[in-house]
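Student: Mind having a look at this structure? Questions to follow.
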Amino acid sequence: MATPKFNSKSPTIRRIMREAAELSSAPSPDYHAVPLETDLFEWHFTLRGPPKSAYADGIYHGRIVLPPTYPLRPPSFRFLTPSGRFETNREICLSISGHHEETWQPAWGLRTALVALRSFMETDAKGQVGGMDTSEAVRRRLAQESGGWKCAVCGGGKTNREIMEEQEEAVKRAEEERVAKGETKDEKEVEVPQELKMGFRDEMEQAKAELEGGASGSRPPAGRIDEESAQLAEGFVRTTNLLPVDLPVDPAASPLEQAQPEYPSVPVQHTRTTPLPRPPQDIVGAAYQNQAQLRQGMARDGVSVWIDRLIVIVSALLMVMLAKVMLG
């Protein structure tokens, strides 16, 4: 099979290659993720269930799709292994608000997203987006069965358990290489940003369509517009974590939403415009007629003044001529 060629100068390709190298050089015993050999934009992941939960004995497999504009837009995830927590083969997105994928921060990567996705498994599914109403016994049974699940696309026919066993061996080799080089181990664990939330893409698109449709007929509250606009703007310019605040932005408050920044909405002051009353037509006509007569009167007055002056001059000349005749 021919190796696909990619534009190595593309920022997106460089970012994907850098993340793949980082995940390979610093493997985690809890999750494994690699791109397909034929498509850098499609990854497959395998992760262990969170400890001390109904998923503790489970190993779950899924699919990651990176958008062409990654990391400006978030990756999407699909769980392919039944878990009893998330619906299988349903697209999941991660964002700040849980409703706008544009609020994904480019500083986050696949490692952060995988850790966040794993932590979401042990949260209470009731009332949350995509939560499945299954009993703990069913989830434990699915966890026991998940180790033998095989992906038909990746892994060369290996089960989830075999993939994670190989991942554990990779972790040991990386540790041995680190010790041989005399490097110190980085004890810092990947932290999930408190403002990071999850949502299903189909519900996001439906909510976005409803919001856009409502904007044409009725204007949403000003506070809601301010909050969403601020969140959208934050997604592309900020590359560091937000400082936690006391008040959540999303009305549906939850523990994961308490780190939202507070964007107070400014009350809008409406100015009422009162039209001037239209004057009656007869008044307008009379005023126009008076102005015309005034102009004509002024013109006649100007002509009369010149005629009077001319008469005076002619009379004076006649009197002078008459005086000369009489005295001559």
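Just so you know, the sequence shown maps onto residues 719 to 1046 in the numbering used here. For each residue, glycine too, the CB sits at the ideal point set by N, CA and C. Treat the numbers as computed from the prediction; the structure is a model and nothing was measured.
Which residues does DSSP pair with Arg796 in a beta bridge?
Tutor: Along the sequence shown, read from residue 1 onward, the residue named residue 796 stands at position 78. Looking at the DSSP assignment, Arg796 forms a beta bridge with Arg781.
Student: Kindly indicate the opening and closing residues of the alpha helix (DSSP H) around Arg733.
Tutor: Along the sequence shown, read from residue 1 onward, the residue named residue 733 stands at position 15. It spans Pro729 to Ser743 - the alpha helix (DSSP H) in which Arg733 sits, taken as one unbroken run.
Student: Alpha carbon to alpha carbon, how far is Arg791 from Gly875? Give it in angstroms, no decimals.
Tutor: Translated into the one-based positions of the sequence shown, residue 875 becomes position 157. Translated into the one-based positions of the sequence shown, residue 791 becomes position 73. The straight-line gap from Cα to Cα measures roughly 32 Å.
Student: On a CA-only basis, which of Ser853, Ile881 and Arg781 is nearest Leu832? Give me that one, please.
Tutor: Within the sequence shown, residue 832 is the residue found at index 114, counting from 1. Per the Cα distances, Arg781.
Student: Grouping DSSP H, G and I as helix and E and B as strand, with all else coil, what is Leu1028?
Tutor: Taking the first residue of the sequence shown as 1, we reach residue 1028 at position 310. Here Leu1028 sits in helix by DSSP.
Student: Determine, using beta carbons only, whether Arg732 and Pro789 come nearer to each other than 7 Å.
Tutor: Residue 732 sits at position 14 when you count from the first residue of the sequence shown. Residue 789 sits at position 71 when you count from the first residue of the sequence shown. Contact flag unset, no.
Student: To the nearest angstrom, how far is the alpha carbon of Asp748 from that of Pro768?
Tutor: The residue labelled residue 748 in the question sits at position 30 within the sequence shown. The residue labelled residue 768 in the question sits at position 50 within the sequence shown. Between Asp748 and Pro768, the C-alpha separation is close to 9 Å.
Student: How many angstroms separate the CA atom of Val1032 from the CA atom of Val1038?
Tutor: Numbered from its first residue, the sequence shown carries residue 1032 at position 314. Numbered from its first residue, the sequence shown carries residue 1038 at position 320. The alpha-carbon atoms of Val1032 and Val1038 are separated by roughly 10 Å.
Student: Measure the Cβ-Cβ separation of Gly802 and Arg836 and say whether it is below 7 Å.
Tutor: Walking along the sequence shown from the start, residue 802 turns up at place 84. Walking along the sequence shown from the start, residue 836 turns up at place 118. Not in contact: Gly802 and Arg836 (Cβ atoms no closer than 7 Å).
Student: I need the straight-line Cα distance from Met850 to Tyr773, nearest angstrom please.
Tutor: In the sequence shown, the residue the question calls residue 850 occupies position 132. In the sequence shown, the residue the question calls residue 773 occupies position 55. Using only the alpha carbons, I get a separation of about 14 Å.
Student: Start and end of the beta strand (DSSP E) containing Val752?
Tutor: If you number the sequence shown from 1, residue 752 lands on position 34. Tyr749 to Pro753 is the extent of the beta strand (DSSP E) around Val752.
Student: When DSSP labels each residue in this structure, what does Thr830 get in the three-state scheme?
Tutor: Against the sequence shown, residue 830 aligns to sequence position 112. Here Thr830 sits in helix by DSSP.
Student: Under three-state DSSP, which class holds Glu760?
Tutor: Position 42 of the sequence shown, counting from 1, holds the residue named residue 760. DSSP places Glu760 in strand when its eight states are reduced to three.
Student: Could you check whether the Cβ of Ala892 sits closer than 7 Å to any Cβ belonging to chain B?
Tutor: No chain B appears in this structure, which consists of one protein chain only.
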